[in-house]
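J.: Residue numbers (the working numbering), protein chains in the order written: chain A, 1 to 356; chain B, 357 to 712. Heads up, the beta-carbon is just placed ideally off N, CA and C, and yes, glycines get one too.
2 protein chains.
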Amino acid sequence: MCMNYGRRVERLQRLMGDEGLRAFVLYTRENLMYFTGFDRYESTAYLLIPLDGDPILYVTRLDYQRVLDEAFGCRVKRCRSPLNTLSRDLTALGGASVGVDDLPSSTYIKLQATRRVEFKPSDRVVWRLRSVKEDEEVRLIREACRIACAGMEAVWEALRPGLRECELAGEACREMMRMGSEEQSFPTIVASGPRSAYPHGGCTRRRLRRGELVVVDLGASYMGYKSDMTRTFVVGRPSDRQVEAWRASLEAYTRGLKAMRVGVRAGEVDREARRVLEERGFGRFFIHGLGHGIGLSVHEPPYITRASGDRLSRGNVVTCEPGVYIPGFGGVRLENTVLVSRDGVEELTRFPMELC
Amino acid sequence: MCMNYGRRVERLQRLMGDEGLRAFVLYTRENLMYFTGFDRYESTAYLLIPLDGDPILYVTRLDYQRVLDEAFGCRVKRCRSPLNTLSRDLTALGGASVGVDDLPSSTYIKLQATRRVEFKPSDRVVWRLRSVKEDEEVRLIREACRIACAGMEAVWEALRPGLRECELAGEACREMMRMGSEEQSFPTIVASGPRSAYPHGGCTRRRLRRGELVVVDLGASYMGYKSDMTRTFVVGRPSDRQVEAWRASLEAYTRGLKAMRVGVRAGEVDREARRVLEERGFGRFFIHGLGHGIGLSVHEPPYITRASGDRLSRGNVVTCEPGVYIPGFGGVRLENTVLVSRDGVEELTRFPMELC
Chain A
1 MCMNYGRRVE RLQRLMGDEG LRAFVLYTRE NLMYFTGFDR YESTAYLLIP
51 LDGDPILYVT RLDYQRVLDE AFGCRVKRCR SPLNTLSRDL TALGGASVGV
101 DDLPSSTYIK LQATRRVEFK PSDRVVWRLR SVKEDEEVRL IREACRIACA
151 GMEAVWEALR PGLRECELAG EACREMMRMG SEEQSFPTIV ASGPRSAYPH
201 GGCTRRRLRR GELVVVDLGA SYMGYKSDMT RTFVVGRPSD RQVEAWRASL
251 EAYTRGLKAM RVGVRAGEVD REARRVLEER GFGRFFIHGL GHGIGLSVHE
301 PPYITRASGD RLSRGNVVTC EPGVYIPGFG GVRLENTVLV SRDGVEELTR
351 FPMELC
Chain B
357 MCMNYGRRVE RLQRLMGDEG LRAFVLYTRE NLMYFTGFDR YESTAYLLIP
407 LDGDPILYVT RLDYQRVLDE AFGCRVKRCR SPLNTLSRDL TALGGASVGV
457 DDLPSSTYIK LQATRRVEFK PSDRVVWRLR SVKEDEEVRL IREACRIACA
507 GMEAVWEALR PGLRECELAG EACREMMRMG SEEQSFPTIV ASGPRSAYPH
557 GGCTRRRLRR GELVVVDLGA SYMGYKSDMT RTFVVGRPSD RQVEAWRASL
607 EAYTRGLKAM RVGVRAGEVD REARRVLEER GFGRFFIHGL GHGIGLSVHE
657 PPYITRASGD RLSRGNVVTC EPGVYIPGFG GVRLENTVLV SRDGVEELTR
707 FPMELC
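1. Can you tell which of A:R8, A:P187, A:C203 has the C-alpha that lies nearest to the C-alpha of P194 of chain A?
2. Give the residues of chain A in contact with G536 of chain B, contact being defined as C-beta atoms less than 8 Å apart.
3. Anything in chain B within Cβ reach of A169 of chain A, meaning under 7 Å, just list it in chain order.
4. With a floor of 3 residues, list each beta strand (DSSP E) that falls wholly inside the region 131-197 of chain A, ordered by position along the chain.
5. Give me the chain B residues within the contact set of A197 of chain A, using Cβ-Cβ distance strictly less than 7 Å, ordered along the chain.
6. Counting C-beta neighbours from all protein chains within 10 Å, is the total for N4 of chain A 16 or more, i.e. buried, or is it exposed?
7. Got a sec? Which residues, its chain only, sit under 6 Å from I497 of chain B by beta carbon, not counting five neighbours each side?
8. Please report whether the beta-carbon of Y397 of chain B lies at a distance below 8 Å from any beta-carbon of chain A.
9. Going by DSSP in three states, N316 of chain A sits in which element: helix, strand or coil?
10. So what does Y361 of chain B bridge to, in DSSP terms?
11. Measuring only between beta-carbons, confirm whether C529 of chain B sits less than 8 Å from chain A.
12. Are E527 of chain B and A510 of chain B close, meaning C-beta to C-beta below 8 Å?
13. In whole angstroms, give me the CA-to-CA distance for D425 of chain B and Y383 of chain B.
14. Please classify A148 of chain A: is it buried, with 16 or more other beta-carbons within 10 angstroms of its beta-carbon, or exposed?
15. For C203 of chain A, which residues does DSSP report across the bridge?
16. Could you please tell me which residues of the region 625-659 of chain B, in chain order, have their CB closer than 9 Å to any CB of chain A?
17. Could you name the residues that DSSP lists as bridge partners for V625 of chain B?
18. With H, G and I counted as helix, E and B as strand and the rest as coil, what does DSSP make of Y578 of chain B?
19. Apply the 10 Å Cβ neighbour rule to S541 of chain B and answer buried if 16 or more other Cβ atoms are within range, or exposed otherwise.
20. Quick one: is E183 of chain A near chain B, going by C-beta distance under 8 Å?
21. Identify the contact partners of D102 of chain A in chain B, using a Cβ-Cβ distance below 8 Å as the criterion.
22. Quick check: the region 559-577 of chain B against the region 622-629 of chain B, are at least 3 beta-carbon pairs closer than 8 Å?
23. For the alpha helix (DSSP H) containing F35 of chain A, list its first residue and its last residue.
24. Does G202 of chain A get closer than 8 Å to chain B when you measure Cβ to Cβ?
25. Output yes if chain B places a C-beta closer than 8 Å to the C-beta of R61 of chain A; else output no.
26. Please report the residue range of the alpha helix (DSSP H) in which Y108 of chain A lies.
27. Identify every run of the alpha helix (DSSP H) within the region 589-618 of chain B, keeping only runs that are complete inside it and at least 4 residues long; order them along the chain.
28. Quick one: what does DSSP say Y397 of chain B is sitting in, helix, strand or coil?
29. Buried or exposed, going by whether 16 or more other CB atoms sit within 10 Å of the CB of P50 of chain A?
30. Taking the beta strand (DSSP E) that V264 of chain A falls in, what are its first and last residues?
31. When DSSP builds the beta bridges, which residues end up paired with T586 of chain B?
32. Would you mind listing the beta strand (DSSP E) stretches within the region 418-464 of chain B that are 3+ residues and don't spill past its ends, in chain order?
33. Whole angstroms is fine: what's the gap from E635 of chain B's alpha carbon to S605 of chain B's?
34. Nearest chain B C-beta to P352 of chain A closer than 8 Å, yes or no?
35. Using a Cβ-Cβ cutoff of 9 Å, what residues of the region 137-149 of chain A are near chain B? List them in chain order.
36. In the structure shown, what three-state DSSP assignment does G647 of chain B receive?
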């Protein structure tokens, strides 16, 4: 990848200075990728970014060769126990305050035994960088969005009564990977019939029936960058109530999108969309926030929820995804990935919004 | 699902009594599924299992309806903040020792503010139950294994020079989901050419070339239960050295499998397989453990590594996966999911071991 990892590290180091952090320990797959280009997958690896100088990546022999081939701008330590070596190096800093990202608690507890170091959960410092996308990042997200649309097209083509939810998801997966996605950005959701009323419905062996709502929520990953989009279909002829819920969701989407601009409070954007659903009598069925940032992670700041204190800024990439979930009846969600730029907002997942 | 969740809870409660735990807080997706049948996906949810009485599941309104429809044997609390409500309920226990599984550190830190409660990371207590599979669990894993074999067959059929790694992975995904897998058990690995020398190679847009090694590592998920298998192929005619590495891996696999039986030390099983590779001059290229348990999680106890203190017991389901990773040259890994039973071991991923 042609990212400027060195500049990212320098920017973090400046923020660390402001926060009084002597070093930063990064663990999440996405943070390691952001600062070094190395994808640790499920491996154990830690990145230590000191206040000055090059980052150090601690890995086992399992990943040593790959790190040498793929990681940028860091020293690499091959360790029997990356955590123990890291802990020793931290002690050598002497009486320091060290930032950490969201480690598993088992790791955090072990790290706390490190002498002379105080750990400060400091996720938000990293998010100040990651939530504002560089041009090259936008290019990759754009590609992930293009691929997601192809996946949705494959679902649309395959859609017919009798098919299993998981079969449909499989068609999307195959098409996205054929187009160059290296993995799904999350397990595709295909939630049909009463299951469409579950915001987190996953996908099952249930067979689609004529006249049912089907929520399809999917995303691709391109060079680690994610996309996220949802369409809701009816196989066959929709009922009046289905059309009503779908149209209300579409109008809420449009109103939300229109409210997005540089400098606006995220809470205000959520409220704009929510108002549409309230006016249409669906307010109490919209049971989640309007959207979230997206990048190397599928869910990241800024969060577009009623209570969010975030403001949208230039370079944010976010989702806009109002939904209506009526227990026993079914649900609707419509979602695009959207770029917030100086000139306004741009939908990156360009695929028709059609119910049937 | 037709699991006996109540019996699982009772068994945990007995172990909690032995450990002096007044309650247990469970967070991981797999633990919630094991004790309630509820799949939280990416949602925030916590399960409190008191020493006596029914478990309590804390969820937001996002999942409330689904929990009512899908969770077994627990009371459900719909909360604005599940963590805050949980914390209040824990304080009400009064001066107690409470077990926790592997929460994210951010959650763990917030929980620690709970008054009059001391938290004890107690994963291993849960693993004592989960690592020994019930008959019904074996049935589901068996199905996940059958589906994984169909995925591998799809890869085998599609394999040809010029195809991208991610395209091959997409074929496997589609076939597994067509067969009823609700998601991949992990993002399929297709690592070709020099990339096959990375144990965690993921999959990329790289195109396969004739005469290269291709490591394909995949698994299905059936009702939450996972499978895991690896084959290594050469597209076209393999070189002598490729054949040599592949045969050595196969022999190590066979020797490892043969060493598996109820009561054996896992470390001994690893050493048996490792010895084969050492004798063939590949010892230093086998840079990971021989296997791991598998069930609702892809990686779980028992761990079959050189230093493992675990013993195999009846009802364990484990992988056997020796590998040879030669930097710059390529790699080989052969893996099956295996059931350890009173009568011996049984390979559950039955698919030919063939190089080309």
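T.: The short version:
1. A:C203
2. R164, C166, R205
3. M533
4. 189-192
5. Q421
6. exposed
7. Y581, V673
8. yes
9. coil
10. Partner(s): none; Y361 of chain B has no beta bridge.
11. yes
12. yes
13. 20 Å
14. buried
15. A:V190
16. I643, H644, V654, H655
17. Beta-bridge pairing links V625 of chain B to no other residue.
18. strand
19. buried
20. yes
21. P460, S461, S462
22. no
23. 29-36
24. yes
25. yes
26. 105-111
27. 596-615
28. coil
29. buried
30. Note, V264 of chain A: premise wrong, no beta strand (DSSP E); not H, not E.
31. B:D573, B:E691
32. 431-434, 452-456
33. 12 Å
34. no
35. none
36. strand
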